[in-house]
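2 protein chains.
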Amino acid sequence: MTAEGNKILGTVLLDMSVSLDGFVAGPGDDVERLHRWVFTGAGTENMRFSDELHEVLAEVDAGAVLAGRRTFDLASGWGGDPAMKVPHVILSHDVPDEVASGKWTSFVFESGIEAAVARARKLAGGRAVYVLGGAGLAQQCLNAGLLDELQMHVVPVLLGKGIRLFDHLDARTELRLISAATGTETVRMRYQVVK
Amino acid sequence: MTAEGNKILGTVLLDMSVSLDGFVAGPGDDVERLHRWVFTGAGTENMRFSDELHEVLAEVDAGAVLAGRRTFDLASGWGGDPAMKVPHVILSHDVPDEVASGKWTSFVFESGIEAAVARARKLAGGRAVYVLGGAGLAQQCLNAGLLDELQMHVVPVLLGKGIRLFDHLDARTELRLISAATGTETVRMRYQVVK
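Same order as they appear, the protein sequences are chains Y and U. If you read the first sequence in the working numbering, its first letter stands for residue 1, the second for the next number, and so on. If you read the second sequence in the working numbering, its first letter stands for residue 1001, the second for the next number, and so on.
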């Protein structure tokens, strides 16, 4: 599969790692097992993004990122310098000092889901909006009919407990399988949301 | 993929259809959407098993089937004549009249999960034990460490409500991806349970 042939243009795409039993984090927000495929190299010093992640990002070709406030906080705001060099829209009522003061310039805060998606679409300029979670944001997007595509990286583990990706959904939603591929250990499934 | 090259010998394999959000049935035990890929032809008269199902069954090469009592009841005991012509072990304390009287000869009833799996393995004679659910039985098997493999047919729908396949699991379980393939609309993922 070439990246060029599969560019996802102007779409709002949820992209998340899940266990086979549907969790996006284990107890205590633990994502180490689920995000293992994202990194390569041993130790904090030599850790870098895996070829598999680079392939995914090239294929998506995001023009903006959308994330929830818990995701932002759990990542400590990526130290003000997120890996994807595009505008990040964060769904939250409360703008942190680093952003309000103009110290961190990569972030835009929006307090409603409709406004957040609209802002991200505008900032993406025809390229994809990459929705990186968490589960609460994903559910809000789904329930509001704002997602165009879902991409799951299914990690070969049953966590048993944690935070479920698909929970509190209002309605049954038909999907259309776009593609399925295997990574190092993951199965990557991409679906279109049928509206 | 040839069926011959992938025979699953002597294994205890759970094989179930699930929605992308992890349900094996919608509200009211509705499985119509999830089992659609299993059938072909229109109307009750012309309905028959799909080529995809035949391919799956040939690959598994089951020597016995294991099912829970609710599954047995919901299928009305397959009218005494299940489609897979191998012994069916049903987990239940209560033997129905048709079986007790010797009228229905395809079924063996066992009242404990360990005994049920042991009986099915023995009856399978070195071929696979095909565990066809439901969710409660699958969870008991997983929690007792009695499953060797999981095969999921992921159907492109979010049901939102219903019976979850993976629920009430006692421990985290590592899996190893054996294969992934796409069917007519499903993604079929086969995993080994790492013990």
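For every residue, glycine included, the Cβ atom is placed at its ideal position computed from N, Cα and C.
Counting every other CB atom within 10 Å of its CB across the protein chains shown gives M189 (chain Y) a total of 16 or more, marking it as buried. Per DSSP, the unbroken alpha helix (DSSP H) holding L1074 (chain U) starts and ends at 1069-1074. Remark: fewer than three beta-carbon pairs, one from each stretch, lie closer than 8 Å, so the segment 1148-1165 of chain U and the segment 1080-1093 of chain U are not flagged as touching.
Contact annotation for L13 (chain Y) against chain U: no contact, minimum CB-CB distance about 15 Å [criterion: below 7 Å]. In the three-state reduction of the DSSP assignment, D15 (chain Y) falls in the strand class, which pools E and B. By the neighbour-count criterion, in which 16 or more other beta carbons inside 10 Å mark a residue as buried, R48 (chain Y) falls on the exposed side. When rounded, the separation of the alpha-carbon atoms in E1059 (chain U) and V1038 (chain U) is 15 Å. The C-beta of D1170 (chain U) comes closer than 9 Å to at least one C-beta of chain Y. With a 10 Å radius around the Cβ and a threshold of 16 neighbouring Cβ atoms, A124 (chain Y) comes out buried.
V1129 (chain U): member of the beta strand (DSSP E) spanning 1128-1131, first to last residue. Looking only at U:H1035, U:L1013, U:F1166, the smallest Cα-Cα distance to F23 (chain Y) is reached by U:F1166. The three-state reading of DSSP puts H88 (chain Y) in strand, counting E and B together.
At least one CB atom of chain Y sits nearer than 9 Å to the CB of K1161 (chain U). Contact check for A64 (chain Y) against R164 (chain Y) fails: the beta carbons are separated by 9 Å or more. Within the segment 1037-1064 of chain U, contact with chain Y at the beta-carbon level (separation under 7 Å) is assigned to no residue.
For T105 (chain Y), not one C-beta of chain U is nearer than 9 Å to its own C-beta. The contact set of V187 (chain Y) on chain U, defined by CB atoms closer than 8 Å, consists of L1177, A1180, V1187, M1189 in chain order. Looking at the DSSP output, I1163 (chain U) shares a beta bridge with U:A1025. From the beta-carbon of D29 (chain Y), no residue of chain U is found nearer than 9 Å; the closest lies around 15 Å away. Taking the Cα of D1015 (chain U) as reference, the smallest distance to any Cα among U:D1021, U:N1143, U:G1134 is reached at U:G1134. For V1157 (chain U), the chain Y residues whose Cβ falls inside 8 Å of its Cβ are R172, T173, E174, L175, in order along the chain. With 16 or more other CB atoms across the displayed protein chains lying within 10 angstroms of its CB, A1025 (chain U) is buried. L1142 (chain U) has a beta carbon lying within less than 9 Å of a beta carbon in chain Y.
Rounded to whole angstroms, the gap between the alpha carbons of A67 (chain Y) and L53 (chain Y) is 18 Å. In the three-state reduction of the DSSP assignment, V1099 (chain U) falls in the helix class, which pools H, G and I. When the Cα atoms are used, Q1192 (chain U) and G1183 (chain U) turn out to be separated by approximately 20 Å. Taking the beta carbon of L34 (chain Y) as reference, no residue of chain U falls within 8 Å; the closest one sits roughly 12 Å away.
Non-local C-beta neighbours of R1033 (chain U) in its own chain, meaning closer than 6 Å and more than five positions away in sequence, comprise V1157, ordered along the chain. Pairing G1112 (chain U) with D1061 (chain U), the inter-Cα distance amounts to about 25 Å.
D81 (chain Y) does not reach chain U, its nearest Cβ partner there being about 33 Å away, counting only Cβ pairs nearer than 7 Å.
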